[in-house]
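Using UniProt numbering, read the sequence shown as starting at 1 and increasing by one per residue.
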Amino acid sequence: MARFTLPRDLYHGKGSLEALKTLRGKRAIVVVGGGSMKRFGFLDKVEQYLKEAGMEVRLFEGVEPDPSVETVMKGAAVMREFQPDWIVSIGGGSPIDAAKAMWAFYEYPDTTFEALCIPFNFPTLRTKARFCAIPSTSGTATEVTAFSVITDYAKGIKYPLADFNITPDVAIVDPDLAETMPKKLTAHTGMDAMTHAIEAYVSTLHCDYTDPLALHAIEMISEDIVKSYNGDMEARDRMHDAQCLAGMAFSNALLGIVHSMAHKTGAAYSGGHIVHGCANAMYLPKVIRFNAVEPAAAERYAKIARYLHLEGKTTEELVAALVDHINELNVKLDIPSRIKDYEGGIIDEKEFMEKLPKVAELAVGDACTGSNPRPITPAQMEELLKSCYFDKEVVKTAKSTQAA
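Right, dumping it as structure tokens:
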């Protein structure tokens, strides 16, 4: 038996933020990140619409990028004092992810973070509040997913929380918010969405319900991501829908080792964080090559290539064409091909190599690894991560003369 879960209601299109007026409750807490939502006037609109719905409103502001365990605990404490029956989060993936974790600690103060880190181990939510998510970036799709990523900075680890309980009740996908994204963020979130769709399509848990969503998202992103990056706002609007479709796919089909690697390398180094979407973009071509040794995975990648009308007659040629296509997108989006060049070289080679065995071990143990189409050992993960640092191929696809 399989399960397919989405928010009960999804409002989309320009002006859909007004759907907040339809929520029914007494008190709403709004969880938000930095100042962009306030600066562009969207936070004021959220407060106004919730008040028009008859609710008392309180703000929890300042959720940082890559939200921390400490921020989650602070927000949950505010919720326990305010007692909201709606949790509304607006912004990028960080405030929405943080609010999902706050929700659990609000309703279950005695739970522990360690317990929540066990996949699909959340207690039953909605005993006190329901959840509405409003994304301002076009990548994480956390507004429709059963996932949240929280960082333990003391340990240098990102924890991907996974449970259908934290799928929002309401998602509002208003492209007006995405039009405020800066250029680099547009590139990184767009490639995060591409990775979501590709990993969902080749996941061991893909199915007839997730495949159409993943393929259509891949096609839309392939067509619109560069135009969106270069300032085409119609393409930016379509990307906001595409990332949501990718989220619907991966929330139910799950992901693979691109995300395992991004989770465990993101906060591991003293030189600085590797932004999640950029990490995915750098790692994806190498992981496609690694996974394509598995014949079933190679065929799935070949189907993606055919769907995008890439050139190639054999499965091997089509896989290579897909890798080339991703690399070409990265070049057009000014994304480096290797970790060594990330942000001018902030990830020190010596530190990377010293931490490699531990990071590889943690990546293999990540919740996303289980649905990857090819099993991986810690030793293989070390080699794969090194290939991502130095941009060197370590595993080629199996020889194939089969026409795809």
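C-beta: ideal position from N, C-alpha, C; glycine also.
Values in this document were obtained by computation on a predicted structure and should not be read as measured data.
Who are the Cβ neighbours of Ile339 in its own chain at under 6 Å, not counting the five residues just before and after it?
Hits under 6 Å: Ile347, Cys388, Tyr389.
Since Ala268 is in the beta strand (DSSP E), which residue starts that stretch and which ends it?
Neither: Ala268 is in no beta strand (DSSP E) and is coded neither H nor E.
Between Glu294 and His259, what straight-line distance do the alpha-carbon atoms span, to the nearest angstrom?
Looking at the two C-alpha atoms, the distance is approximately 19 Å.
Is it buried or exposed for Asn230, if we count other Cβ within 10 angstroms and need 16 for buried?
exposed
Nearest-angstrom Cα distance between Asp9 and Lys350?
49 Å
Please list, in chain order, all residues of the same chain as Met233 whose beta carbon is under 8 Å from its beta carbon, the five residues on each side excluded.
Glu179
Using only alpha-carbon positions, find the residue among Ala129, Ala246, Gln380 that is nearest to Pro357.
Gln380
Evaluate the contact criterion for the stretch 256-274 versus the stretch 363-374: three or more CB pairs, one atom per stretch, below 8 Å.
yes
Could you tell me the alpha carbon to alpha carbon distance between Val69 and Leu161, rounded to whole angstroms?
12 Å
Take Asp391 and list the residues in its own chain whose beta-carbon comes closer than 6 Å to its own, dropping the five residues that flank it on each side.
Ser337, Arg338
Among Gly13, Leu43, His273, Tyr49, which residue has its Cα nearest to the Cα of Lys21?
Tyr49
Rounded to whole angstroms, what's the CA-CA distance from Glu328 to Glu81? Just pull it up for me.
51 Å
Using CA atoms only, rank isn't needed, just tell me which of Asn121, Met181, Leu116 is closest to Ile150.
Taking Ile150 as reference, the option from Asn121, Met181, Leu116 with the minimal CA-CA separation is Leu116.
Note down, in chain order, each residue of its chain lying with its Cβ closer than 6 Å to the Cβ of Ser228, except the 5 sequence neighbours on either side.
Thr186, Ala235, Arg236, Met239
Alpha carbon to alpha carbon, what distance is there between Lys74 and Thr195?
Roughly 32 Å between the two C-alpha positions.
At 4 residues or longer, and completely inside the stretch 312-336: list those alpha helix (DSSP H) runs for me, N to C.
315-332
Determine, using beta-carbon pairs with one atom in the stretch 162-172 and one in the stretch 129-138, whether at least three such pairs fall under 8 Å.
yes
According to DSSP, Asp9 sits in a beta bridge with which residue or residues?
Val170
Once you ignore the five residues that flank Gly247 on each side, which residues in its own chain have a CB closer than 6 Å to its CB?
Result list for Gly247: Ala141, Val144, Thr145, in chain order.
Just mark Gly33 as buried or exposed, buried being the case when its beta carbon has 16 or more other beta carbons within 10 Å.
buried
Which word fits Ser138, buried or exposed, when buried means at least 16 other C-beta atoms lie within 10 angstroms of its C-beta?
buried
Does Tyr209 come out as helix, strand or coil in the three-state DSSP assignment?
Look at Tyr209 here: in three-state DSSP terms it is coil, with no helix or strand label.
Of all the options Ile326, Leu245, Ser270, Asn330, which has the alpha carbon lying nearest to the alpha carbon of His12?
Leu245
Where does Cys388 sit, in a helix, a strand or coil, going by DSSP?
Three-state DSSP puts Cys388 in a helix.
What does the alpha-carbon distance come out to for the pair Ile166 and Lys100?
6 Å
Quick one: what does DSSP say Pro295 is sitting in, helix, strand or coil?
If DSSP states are grouped into helix, strand and coil, Pro295 belongs with the helices.
Could you tell me which residues DSSP puts in a beta bridge with Ala235?
Beta-bridge annotation (DSSP): Ala235 is not paired with any residue.
DSSP three-state label for Leu17, please.
helix
At which residue ranges does the stretch 82-117 contain complete beta strand (DSSP E) runs of 3 or more residues, listed in the order of the chain?
As far as the stretch 82-117 is concerned, its whole beta strand (DSSP E) runs of at least 3 residues are 86-91.
How about Ser387: is its C-beta nearer than 7 Å to some C-beta of chain C?
The chain labelled as chain C is not found in the depicted structure, where only one protein chain is given.
Should Cys278 be labelled buried (16 or more other beta-carbon atoms within 10 Å of its own) or exposed?
buried
Given that a residue counts as buried once 16 or more other Cβ atoms are within 10 Å of its Cβ, and exposed if not, what is Lys286?
Its Cβ being crowded by 16 or more others within 10 Å, Lys286 is buried.
Let me know the secondary structure DSSP gives Thr22 once reduced to three states.
helix
Looking at the structure shown, is Tyr229 part of a helix, part of a strand, or coil, going by DSSP?
helix
With a threshold of 16 other CB atoms inside 10 Å of the CB of Phe250, please say whether the residue is buried or exposed.
buried
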